[in-house]
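Residue numbers (this note's numbering), protein chains in the order written: chain A, -2 to 113; chain G, -2 to 113.
Where is the CB? At the ideal position from N, CA and C, for every residue including glycine.
Number of protein chains: 2
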Amino acid sequence: MPQKSAAPGRLYDNAAVFAALGDATRLRLVARLCENGPQSIVRLTEGGEVSRQAVTKHLRALEHAGLVRSGRSGRERLWEVRTQRLAEARRCLDQISEQWDHALERLRSLVEADSR
Amino acid sequence: MPQKSAAPGRLYDNAAVFAALGDATRLRLVARLCENGPQSIVRLTEGGEVSRQAVTKHLRALEHAGLVRSGRSGRERLWEVRTQRLAEARRCLDQISEQWDHALERLRSLVEADSR
DNA sequence: AAAAAGAGCAACCAGGGGGTTGCTCATAAA
DNA sequence: TTTATGAGCAACCCCCTGGTTGCTCTTTTT
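Spelled out as structure tokens, the structure:
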């Protein structure tokens, strides 16, 4: 069994990741970073609806959740996606769905035993 | 450019789903609903850290995001998970990761062409 | 050396979200 | 028919979040 002590505490962490993705602007930022690779703040601001400062704040939020990271290059700072956390989030959803499937199975076997 | 009009609007919808999952209490509720099947509010409140009203509010939030639904049974209301939205959320994450992979490929071929 | 571009910082504001308490309503159990 | 259980509604509170504006700092560019 993978991920033995997937520890209830882990769930909390994933909540933070989902919260970070739970904003349209941030989700768009992540998508853009994935589509076009590492970019500067100004570039990420272009075409968007919010100010540069807002974008900065969102990037910091994403960084806090471990979804992006940045590094300075000359006078600009480049941001890139950290795919690991994304993968973890996916696994979390997978696990939940899996539990649901198990529950369904259990339920079905109960019904069968009942009508037998 | 791939993914022509994958409708930016879709992204927004997923943000709502992630936002719903982006709270530890709600995420736990979803997990419990998946583990133990449809349950009433009082049952979902047991063992938790918050009041029944809080649970109710969270359930409504999840309902708004399309993640759960409910039906009355006698004097109690049973809540169950709607797996469809969960699946959609997963697909959203998959798409994003996929775009990232494509970007990596593009980048790699660029580098190769450059050093050739 | 002067001008412009990219970022960072701080203060401020409005709104929403999570939580609670108190009361009422309806249905099932005694 | 009482009584107790499960749930709904409404008001209220606090604080966090998303967004803005204004200023400063550093690094290019001209």
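Residues of its chain near Val65(G), where Cβ-Cβ distance is below 7 Å and the 5 sequence neighbours each way are ignored: Within the second sequence, residue 65(G) is the residue found at index 68, counting from 1. These residues qualify, in order along the chain: Leu30, Leu56, Leu59, Trp76, Glu77, Val78, Arg79.
Sub-9 Å separation of Glu184(G) and Ala100(A) beta-carbons: In the structure displayed, chain G extends from -2 to 113; residue 184(G) sits before or after that span and is not available.
Leu24(G) versus Tyr9(A) - alpha carbon distance: Along the second sequence, read from residue 1 onward, the residue named residue 24(G) stands at position 27. Along the first sequence, read from residue 1 onward, the residue named residue 9(A) stands at position 12. One C-alpha to the other measures close to 8 Å.
Contact under 9 Å by Cβ, Val27(A) with Gly63(A): Residue 27(A) sits at position 30 when you count from the first residue of the first sequence. Residue 63(A) sits at position 66 when you count from the first residue of the first sequence. It is not a contact, given that the beta carbons lie outside the stated cut-off.
Same chain only: Cβ atoms within 6 Å of Ser67(G), ignoring 5 sequence neighbours per side: Position 70 of the second sequence holds residue 67(G). Answer for Ser67(G): Arg74, Trp76, listed in chain order.
Coarse secondary structure for Leu114(G), derived from DSSP in three states: Given a span of -2 to 113 for chain G in the structure shown, any question on residue 114(G) remains unanswerable.
Sequence-distant residues of its chain with Cβ nearer than 6 Å to Ala4(G) (five each side left out): As a position in the second sequence, residue 4(G) is number 7, starting the count at 1. With a pLDDT of 48 at Ala4(G), under the threshold of 50, the modelled position of this residue cannot be trusted; read the value that follows with caution. Cβ neighbours of Ala4(G) beyond the five flanking positions: none.
Contact set for Ser37(A): own chain, Cβ-Cβ below 7 Å, skip 5 residues either direction: In the first sequence, counting from the first residue as 1, residue 37(A) sits at position 40. Hits under 7 Å: Glu73, Arg74, Leu75.
Val52(A), buried or exposed, once every other Cβ within 10 Å from all chains shown has been counted against 16: The residue given as residue 52(A) occupies position 55 in the first sequence. With 16 or more other Cβ atoms within 10 Å, it is buried.
Host alpha helix (DSSP H) of Arg25(G) (start-end): On the second sequence, residue 25(G) is found 28 positions in, with the first residue counted as 1. Arg25(G) -> alpha helix (DSSP H) spans 21 to 33.
Per-residue DSSP class, three states only, for Ser37(G): Your numbering for residue 37(G) matches position 40 in the second sequence. DSSP places Ser37(G) in strand when its eight states are reduced to three.
Residue closest to His61(G), alpha-carbon to alpha-carbon, out of Ser106(G), Ala17(G), Ala110(G), Glu109(G): Position 64 of the second sequence, counting from 1, holds the residue named residue 61(G). Per the Cα distances, Ala17(G).
Residue range of the beta strand (DSSP E) that includes Arg74(A): For the purposes of this step, residue 74(A) is identified with residue 77 of the first sequence, where counting begins at 1. That run of the beta strand (DSSP E) goes 73 to 78.
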